[in-house]
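Report on the following structure.
Protein chains: 2
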Amino acid sequence: MSRTQQLATWVSALRYNDLPRPVVEKTKDFFLDWYACAVGGRRHPAVVAMSAFARDMGPAGSGKSEVLHDPAHKTSSAFAALVNGAASHVIELDDLHNSSVVHPATIVFPAALAVAQEVGADGKAFITACVAGYEASCRVGEFLGPSHYKKFHMTATAGVFGAAAAAAQLLRLDDRQTLSAFGTAGTQAAGLWQFLIDATHAKQVHTAKAGFEGIFAAYTARAGLLGTADVLEGVSGMAAAMVPGAPNAEALTRNLGAPASYAILHSSYKWHASCRHTHGSADGLLQIMQDHGLKADDIKSVVCYVYRAAIDVLGRTGDDEKEENLTTVHQSKFNMGFVLAVIAKYGRASVLDFTDEALQDPDLLDFQKRVRMEVDDKIEADFPAKWQARVEVTTTSGVTFSQFVEVAKGDPGRHLTRQEIEDKARCIAEYACITDLRAFEETFRRVWRLENETDLGGLACV
Amino acid sequence: MSRTQQLATWVSALRYNDLPRPVVEKTKDFFLDWYACAVGGRRHPAVVAMSAFARDMGPAGSGKSEVLHDPAHKTSSAFAALVNGAASHVIELDDLHNSSVVHPATIVFPAALAVAQEVGADGKAFITACVAGYEASCRVGEFLGPSHYKKFHMTATAGVFGAAAAAAQLLRLDDRQTLSAFGTAGTQAAGLWQFLIDATHAKQVHTAKAGFEGIFAAYTARAGLLGTADVLEGVSGMAAAMVPGAPNAEALTRNLGAPASYAILHSSYKWHASCRHTHGSADGLLQIMQDHGLKADDIKSVVCYVYRAAIDVLGRTGDDEKEENLTTVHQSKFNMGFVLAVIAKYGRASVLDFTDEALQDPDLLDFQKRVRMEVDDKIEADFPAKWQARVEVTTTSGVTFSQFVEVAKGDPGRHLTRQEIEDKARCIAEYACITDLRAFEETFRRVWRLENETDLGGLACV
Chain A
1 MSRTQQLATW VSALRYNDLP RPVVEKTKDF FLDWYACAVG GRRHPAVVAM SAFARDMGPA
61 GSGKSEVLHD PAHKTSSAFA ALVNGAASHV IELDDLHNSS VVHPATIVFP AALAVAQEVG
121 ADGKAFITAC VAGYEASCRV GEFLGPSHYK KFHMTATAGV FGAAAAAAQL LRLDDRQTLS
181 AFGTAGTQAA GLWQFLIDAT HAKQVHTAKA GFEGIFAAYT ARAGLLGTAD VLEGVSGMAA
241 AMVPGAPNAE ALTRNLGAPA SYAILHSSYK WHASCRHTHG SADGLLQIMQ DHGLKADDIK
301 SVVCYVYRAA IDVLGRTGDD EKEENLTTVH QSKFNMGFVL AVIAKYGRAS VLDFTDEALQ
361 DPDLLDFQKR VRMEVDDKIE ADFPAKWQAR VEVTTTSGVT FSQFVEVAKG DPGRHLTRQE
421 IEDKARCIAE YACITDLRAF EETFRRVWRL ENETDLGGLA CV
Chain B
1 MSRTQQLATW VSALRYNDLP RPVVEKTKDF FLDWYACAVG GRRHPAVVAM SAFARDMGPA
61 GSGKSEVLHD PAHKTSSAFA ALVNGAASHV IELDDLHNSS VVHPATIVFP AALAVAQEVG
121 ADGKAFITAC VAGYEASCRV GEFLGPSHYK KFHMTATAGV FGAAAAAAQL LRLDDRQTLS
181 AFGTAGTQAA GLWQFLIDAT HAKQVHTAKA GFEGIFAAYT ARAGLLGTAD VLEGVSGMAA
241 AMVPGAPNAE ALTRNLGAPA SYAILHSSYK WHASCRHTHG SADGLLQIMQ DHGLKADDIK
301 SVVCYVYRAA IDVLGRTGDD EKEENLTTVH QSKFNMGFVL AVIAKYGRAS VLDFTDEALQ
361 DPDLLDFQKR VRMEVDDKIE ADFPAKWQAR VEVTTTSGVT FSQFVEVAKG DPGRHLTRQE
421 IEDKARCIAE YACITDLRAF EETFRRVWRL ENETDLGGLA CV
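Heads up: the protein sequence lines correspond to chains A and B, in order. Oh and the first sequence: position 16 is 16 in UniProt numbering, straight run, nothing missing. Oh and the second sequence: position 181 is 181 in UniProt numbering, straight run, nothing missing.
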């Protein structure tokens, strides 16, 4: 049996009663964290455009799956996953699985929720599907590895396996059909980084389409479409075409199903509303400022010692001069200098702090110039197993402070509490101008008892 | 202006009155050739599965776009393009643009027809959109080049630009929106060769999805979604991620719009029902057998001197021993030995000759073993500008004959006549068990006067 086949067989055989209790609880936590993100991104033009596409092409109004921010738009599962997947990756607050560099929630939950609503699955089946989706997407992400990540938007290219796995579970595909779904998912895997250059909307297209493709893969597998058996390791498969370095083959099956190995236990919440690669440095700066009572004006310069991938991604808004000229809110979340400027000024970097007005704020633009990044060899060697940072702050009075951050807030070991998850969700609801906060908060209560829910309907809010 | 921008601007500005008469006539020829292919593939399980997906997810029955082989299934443009795009790539008789190694018809026509039916476009608008689609897909294919083709199914990865261009024309997108559509198309480009290993259904998934994605790209661009501006040549674009060698940048814009340069003039019909890489050798064998009055039993061995890509593709059914054991009709069309065996036995290799029974025919299996391939340096040097072959036949009596084929039947310079196109279509209709041949043949008459048609409806047949 190939490793891909072993993974497909495991996904197909997984049952709710197999799941350790912490895995069930963590799935609920990440689902609520995702739900807020999906509602929070509703006004983004990419979401509006894909919602229009779903209305043009799908059964607008007459489907069983909900577009979460638009109760009137009930559509088929593929289109609901498309729109919710686009929306949940807008505000940059969805989770990240560090060792794979995959954002699993934004692909797995939209697909699982849409299919669960379409087939009338209960909470237990939904939780099981989500666990399977996390497992598949994160393991494929680890398999594809850093050399793939340099070229491709991993969340999409690995994520499509997560959507396929979740949909396959809910459709009760057997092992052979699930393997077919993986084959079809893999041969459609796509997503280039070029959007970082001009701050365009492909990021949301990638998450939207990965959910759609995963559902396509599972539904067509059920209907008899044969996907190739060894799409990952085969001689003309993903690794051969899309992994310039060596794939991590063992990652596909190592400790599969071991209680402490479930991927969903190892995902990270995003506490700051910026690119995940800024979080270690943001925590470090905040710690130094708190420990030494510094204000933004006390700081002359900041050096962030990071792994190379951070510079690869965060440096991609253009050349040095252009980097100073941020033109969109999205770009500003991917600019280390700007993110640390927000941290220095507000003591946080929440979704309410990145605005068009902020792009013009002279305090922030001035602080931005004081920040630079350097690769640290030790930190680089530990990446992506650890997303560490060391921050050196030199004050206007000439003193230098240093703070090493091994684990950023939100990471495994520093996961958010349910109270913090709810607080973060309420903050997002405020940002998204949710008018019916009671309906929104009712979802909190449903999610905390999700394994007892008989269906997943009625989650849309306005 | 980047080259991608120049191409988008040209696509957006193209008008029917700009088109040279031969371009209009050739578009009609290739459209009819494609139409027969789309009807001919209707029973393939991948088509059945994707049709089921379209019914599950789309407005089954209430759309404006036709699934050509199923008059009752009128759906939205994206799903009609999906199913027709899958169907038209099943019987391996759709056209090929040699210098790009793209099969443009199977992506461009499904997308253009589906959108034309959805927006109520007339024949002239449809023809213009198809010309734009051929131009975009073939030029992008030439841009991506042979090193990309080794890793990716070019018809899909370049084809998505053709679907996007055709849809953009019919939606009357401006140059900026068309560029956005290209950006969205490119960041979704996908398609691995792994399906050749186990004869699975990804080939049809690729053509189906490329049409779907192109429509997605154009409709969402109209709705405000921003695609990245330089998706082909940008530092994190397609060339950077998916072209291991050097892309052919000039191909994107060289002689754009020059009367003799239109891509559709340079596409090739497929006369034999097998992989295009077998055609030169098939013609050569046929010529030798006709010239010297040979029968299959007179032939002891056949050596086909070809370009390397032919061996790369045709050798991919497995290792040497397994190659003898063809298990599917699809595999048999990609096996040089088997294809030449069919030619030797029947004097042709039509869609009626590749069957499950043929796979068990001892005559064919015996002849198959007498065929081998070798790379010819001169032929390799001319590829992909020329798809040449030289065939050496040694008879049982020890005489050796050689035939060089510079231009295969169906290629530019040896294009099919309208009579031959109709004959080929009738043969496909027989294969597909079309019951209402009068409706089928009425389409011939509509296509030959396509520029005078006020709409594209009513082309489905049973």
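By construction, the Cβ of each residue, glycine as well, lies at the ideal position given by its N, Cα and C atoms. Being a predicted model, the structure only gives us computed values, none of them experimental.
Within the DSSP bridge table, the entry for A/V339 names no partner.
Ranked by Cα distance from B/K26, the options B/L459, B/V90, B/G347, B/S268 are led by B/S268. Residue state for A/C461 is assigned as coil, using DSSP reduced to three classes.
Counting along the chain, B/Y262 sits inside no beta strand (DSSP E), nor does DSSP assign it H or E at all.
Chain-ordered listing is empty here: chain B has no CB closer than 9 angstroms to the CB of A/P146, the nearest sitting near 14 angstroms. Against chain A, the beta carbon of B/Y219 has neighbours under 7 angstroms at F53, D56, listed in chain order.
Taking 8 angstroms as the threshold, the shortest C-beta distance from A/G159 to chain B does not fall below it. Chain order gives the chain B residues near A/L226 as T200, H201, where near means a beta carbon separation below 7 angstroms. Note: A/M373 is bridge-paired with A/C304 in the DSSP secondary-structure output. Burial is judged here by how many other beta carbons sit within 10 angstroms of a residue's own beta carbon; B/Q388 has at least 16 and is buried. Ranking B/C427, B/L265, B/S397 by CA distance to the CA of B/D29 puts B/L265 first. Residue-level contact check: A/I311 does not touch chain B, since none of the beta carbons of chain B fall below 8 angstroms from its beta carbon. Of the other Cβ atoms in all chains shown, 16 or more fall within 10 Å of the Cβ of A/S180; this residue is therefore buried. A/C433 counts as exposed, since fewer than 16 other C-beta atoms from the protein chains shown sit within 10 angstroms of its C-beta. Counting the other Cβ atoms within 10 Å of the Cβ of B/S236 gives 16 or more, which makes it buried. Within the segment 399-433 of chain B, the beta strand (DSSP E) runs of at least 3 residues that lie entirely inside it are, in chain order, 400-405. Shown here for A/K151: same chain residues with a beta carbon closer than 8 angstroms to its own, the five before and five after excluded, namely L192, W193, M242, P244 in chain order. Against chain B, a Cβ distance below 9 angstroms from A/A229 picks out Q194, I197, D198, T200. The residues S268, in chain order, have a CB closer than 6 angstroms to that of B/D411 in the same chain once the five nearest residues on each side in sequence are set aside.
With its beta carbon less than 8 angstroms from one in chain B, A/G191 belongs to the interface. Across the structure, A/T187 and B/Q188 are spaced so that their CA atoms are roughly 11 angstroms apart. A straight-line Cα-Cα distance of about 11 angstroms links A/D33 and A/Q419.
Taking 8 angstroms as the CB threshold, A/M50 lines the interface with chain B. Sorting A/V313, A/A164, A/K203 by C-alpha distance to the C-alpha of A/A8 places A/A164 at the top. For the segment 112-123 of chain B, the beta-carbon criterion of a distance under 8 angstroms to any beta-carbon of chain A is satisfied by none of its residues. As for any alpha helix (DSSP H) of minimum length 4 sitting wholly inside the segment 172-199 of chain A, the runs are 175-187, 195-198, ordered along the chain. Only buried fits B/V47, as 16 or more other CB atoms lie within 10 angstroms of its CB.
Interface with chain A (8 angstroms Cβ-Cβ cutoff): B/G237 is included. Under DSSP, A/H97 shares a beta bridge with A/V102, A/S267. B/R372 places its beta carbon less than 8 angstroms from that of B/V303. Residue contact with chain B for A/Q188: present (Cβ-Cβ distance below 8 angstroms to some residue of chain B).
The beta carbon of A/F195 is closer than 6 angstroms to those of A202, K203 in its chain, skipping five residues each way along the sequence. When beta bridges are read from the DSSP output, A/T75 appears opposite A/S65.
Collapsing the DSSP output to three states places A/R254 in coil.
The residues H69, A87, A432, in chain order, have a CB closer than 7 angstroms to that of A/R42 in the same chain once the five nearest residues on each side in sequence are set aside. At a Cβ-Cβ threshold of 8 angstroms, A/M336 and A/L365 do not count as neighbours.
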